[in-house]
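Per the numbering used here, the sequence shown runs over residues 26 to 190.
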Amino acid sequence: MTMLPPWETRVREEANLFNPYFLAVTIRQAARAYETARGEGLPWPLPFLCVPLLLHEHSRQQLPYNSRTDLVVWLADHPDIRFLTPGRVRLLRPHVREALLVGVREGILTINRPELTIGQGPTRLTQTRLDRTGAVAGEILKEATKLGRWLARNGTWQYQLTLWG
């Protein structure tokens with residue numbers, strides 16, 4: 026298991042890009058959309074897929090516009106993303122783990138094994154602040170909602186992770 030360096034010693038760019046609170050809010054956006062579309066919480070393993078897809082600009086921009094797009098067809102049309110995503114999942118695993126811990130600690134995510142649900146805790150990113158986020162951060166949060174809906178409509182998490190490799 027890869028350990029992250031203490032917060033104070035992280036490279037500034039890495040600390041900003043992989044801010045655990047921002048990643049937790051991103052996961053929450055996906056979890057909310059998933060829960061709304063499917064009627065159940067986001068399965069525990071899916072944040073580990075969501076974060077790499079959302080943070081990588083090319084992958085994020087290629088996500089389907091419509092949540093009814095079949096995952097098998099989309100993966101066949103985007104072999105580059107399918108091929109590179111498993112490596113990104115492994116590299117970002119410690120950051121996602123940290124974001125999940127922060128999300129649970131702050132009350133914005135709740136663990137109801139085997140699912141993540143939306144916590145009742147406050148988010149510091151109110152709608153007013155969301156409107157003022159940078160273009161990239163705003164795009165990531167918007168795409169997190171679409172990704173959550175898409176994953177909810179494309180089979181079980183086991184099936185999805187099998188397709189991704």
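In this text, a Cβ means the ideal position worked out from N, Cα and C, and glycines have one as well.
Quiz prompt | Cβ shell of residue 79 (< 7 angstroms), same chain only, five flanking positions each side left out | solution = Setting aside the 5 residues that flank it on each side, residue 79 is surrounded in the same chain by 51, 85, 165, 168, 169 and 172, each with a C-beta closer than 7 angstroms to its C-beta; the list follows chain order.
Quiz item: Between which two residues does the beta strand (DSSP E) harbouring residue 135 extend?
Solution: Counted as a single uninterrupted DSSP element, the beta strand (DSSP E) harbouring residue 135 occupies residues 134-137.
Quiz item: Going by C-alpha distance, which of 175, 183 and 180 is nearest residue 93?
Solution: Taking only the C-alpha atoms, the option nearest residue 93 is 175.
Self-check item: Terminal residues of the beta strand (DSSP E) in which residue 142 lies
Solution: Element bounds for residue 142: 140-143.
Practice problem: Below 6 angstroms CB to CB, which residues in the same chain sit around residue 72 once its five sequence neighbours on both sides are set aside? | Solution: If we look at residue 72 and ignore the five residues flanking it on each side, its Cβ neighbours are 52 and 121.
Quiz item: Just curious, the alpha helix (DSSP H) that residue 130 is in, first and last residue?
Solution: Where residue 130 is concerned, the enclosing alpha helix (DSSP H) stretches over 104-131.
Quiz item: Closest by CA to residue 136, which one among 183, 68, 87 and 42?
Solution: Taking only the C-alpha atoms, the option nearest residue 136 is 68.
Practice problem: Please list, in chain order, all residues of the same chain as residue 103 whose beta carbon is under 7 angstroms from its beta carbon, the five residues on each side excluded. | Solution: Scanning its chain for C-beta atoms nearer than 7 angstroms, with the 5 sequence neighbours on each side dropped, one finds around residue 103 the residues 87, in chain order.
Quiz item: Is the beta carbon of residue 77 less than 7 angstroms from the beta carbon of residue 113?
Solution: Cβ atoms of residue 77 and residue 113: closer than 7 angstroms.
Quiz item: Applying the criterion that 16 or more other CB atoms from any shown protein chain within 10 Å of the CB defines a buried residue, is residue 177 buried or exposed?
Solution: Residue environment: residue 177 is assigned as buried (16 or more neighbouring CB atoms within 10 Å of its CB, all protein chains considered).
Self-check item: Residues bridged to residue 79 (per DSSP)
Solution: In DSSP, residue 79 forms no bridge with anything.
Quiz prompt | residue 41: first and last residue of the uninterrupted alpha helix (DSSP H) it sits in | solution = Judged by DSSP secondary structure, residue 41 falls within the alpha helix (DSSP H) whose first and last residues are 37-42.
Quiz prompt | Residues sharing a beta bridge with residue 67, DSSP | solution = Bridge partners of residue 67: 141.
Quiz item: Residues in its own chain within less than 6 angstroms of residue 152 by CB, not counting five upstream and five downstream?
Solution: Confidence is the limiting factor: at residue 152 the pLDDT is only 48, short of 50, which leaves the residue's position unreliable, though a coordinate-based value still follows. Residues of the same chain with their beta carbon placed closer than 6 angstroms to that of residue 152 are lacking, with the five preceding and five following residues left out of the count.
Exercise. Starting from the Cα of residue 81, find the closest Cα among 60, 184, 186 and 116 and give me that residue.
Key: Residue nearest to residue 81 within the set 60, 184, 186 and 116 is 116 (criterion: CA-CA distance).
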